[in-house]
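Q:
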Amino acid sequence: MAKKNYNYFEQFEKQMALCEKAAEQLVEMLEDYTDVQNKAEKIHDTEHHADEQLHELMHELNRSFVTPIDREDIVQVANAFDDITDTIEDVANLLDVMSIEDVKPEAKEMAKLILEGSRSLSTLVSEFHLFKSSKKLNDLIIEVNDVEAKGDVLHRSVLKKMFRDEKDAIQLMKWKQIFDTMEETLDYIEDVADLIDGLVIKNS
Numbered sequence: 000m001a002k003k004n005y006n007y008f009e010q011f012e013k014q015m016a017l018c019e020k021a022a023e024q025l026v027e028m029l030e031d032y033t034d035v036q037n038k039a040e041k042i043h044d045t046e047h048h049a050d051e052q053l054h055e056l057m058h059e060l061n062r063s064f065v066t067p068i069d070r071e072d073i074v075q076v077a078n079a080f081d082d083i084t085d086t087i088e089d090v091a092n093l094l095d096v097m098s099i100e101d102v103k104p105e106a107k108e109m110a111k112l113i114l115e116g117s118r119s120l121s122t123l124v125s126e127f128h129l130f131k132s133s134k135k136l137n138d139l140i141i142e143v144n145d146v147e148a149k150g151d152v153l154h155r156s157v158l159k160k161m162f163r164d165e166k167d168a169i170q171l172m173k174w175k176q177i178f179d180t181m182e183e184t185l186d187y188i189e190d191v192a193d194l195i196d197g198l199v200i201k202n203s
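At position 133 of the sequence shown (counting the first as 1) the number is 132 in numbering that gives the first Met the number 0, and the numbers step up by one without a gap.
Right, here's the structure in full:
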């Protein structure tokens, strides 16, 4: 039997907290680029914890008769959080597996945007349960979208610079994959904000 007072909005906040933690760990990894394998493993541990939180939510959802929003919407939002932690882990793994020795300053900038977007999204998610009355949600959604837009500009700029200046094709390939994955992470952060935006409209 499902827990009588299982709070899906609180569970969203727990998932989002792990997204933010993974983003913090990625920034720390790039700012102090030593012991890379160990730091990548710590991000993996956070991602694994996020998977456990997702499984808990799905388990409760399978046993629930009444939910605060449609079941398919809960699944979509929960999986969207998982996409964020997955791609942050992907970035850390790429840095480790591809034996990146020197971090490009733009990668540090992009990681800071991922953290900024995660923190903005955390504030948005904490406000989500008030969707019928909150006056803050729209501004918070715009805030997340603005961070993603900054990431798009940085992504295009660094790719243009690399294709112009990088003479080593292997390094170009490696860094393009890393920056593409970082930009994908920002896209997933924006996706959650857009999902919440749509759900507010749907349920108001």
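Don't be surprised by glycine CBs; every beta carbon is placed ideally from N, CA and C.
Where do the N-terminal and C-terminal ends of the alpha helix (DSSP H) with Met97 fall, by residue?
A: Here Met97 belongs to no alpha helix (DSSP H), and DSSP marks it neither H nor E.
Q: Does the separation of the CB atoms of Val143 and Ala79 fall below 8 Å?
A: no
Q: Distance check for Glu59 and Met0, CA to CA, integer angstroms please.
A: Confidence in Met0 is poor, its pLDDT being 46 and thus under 50, which makes the residue's placement unreliable; the coordinate value appears in the next sentence. Roughly 8 Å between the two C-alpha positions.
Q: Using C-beta distances below 8 Å, list every residue in its chain close to Lys13, excluding the 5 sequence neighbours before and after it, in chain order.
A: Gln52
Q: Around the C-beta of Lys38, are 16 or more other C-beta atoms found within 10 angstroms, so that it is buried, or is it exposed?
A: buried
Q: Comparing alpha-carbon positions, which option in Ser156, Asp190, Glu88 and Lys103 lies nearest His48?
A: Glu88
Q: Hey, out of Phe11, Ser63 and Pro104, whose CA is closest to Phe178's CA?
A: Pro104
Q: In this structure, does DSSP put Thr33 in helix, strand or coil?
A: coil
Q: For Leu171, which of Met97, Tyr5, Met109 and Val65 has the nearest alpha-carbon?
A: Measuring from the Cα of Leu171, the nearest candidate turns out to be Met97.
Q: In angstroms, rounded to a whole number, what distance separates the CA positions of Tyr7 and Ile73?
A: 8 Å
Q: Short of 8 Å in beta carbon distance, which residues of its chain neighbour Ile140, apart from the five on each side in sequence? Order them along the chain.
A: Leu123, Ala192, Asp193, Ile195 and Asp196
Q: Can you tell me where the alpha helix (DSSP H) with Leu136 in it begins and where it stops?
A: Leu136 to Asp164
Q: Let's see if you can read the secondary structure: which residues bound the alpha helix (DSSP H) around Val124?
A: Pro104 to Glu126
Q: Excluding the five sequence neighbours on either side, which residues of its own chain have a C-beta within less than 8 Å of the C-beta of Tyr187, listed in chain order?
A: Excluding residues within five positions, the ones whose Cβ falls inside 8 Å are Ala79, Asp82, Ile83 and Thr86.
Q: Would you report the Cα separation of Phe162 and Ala148, rounded to the nearest angstrom?
A: 21 Å
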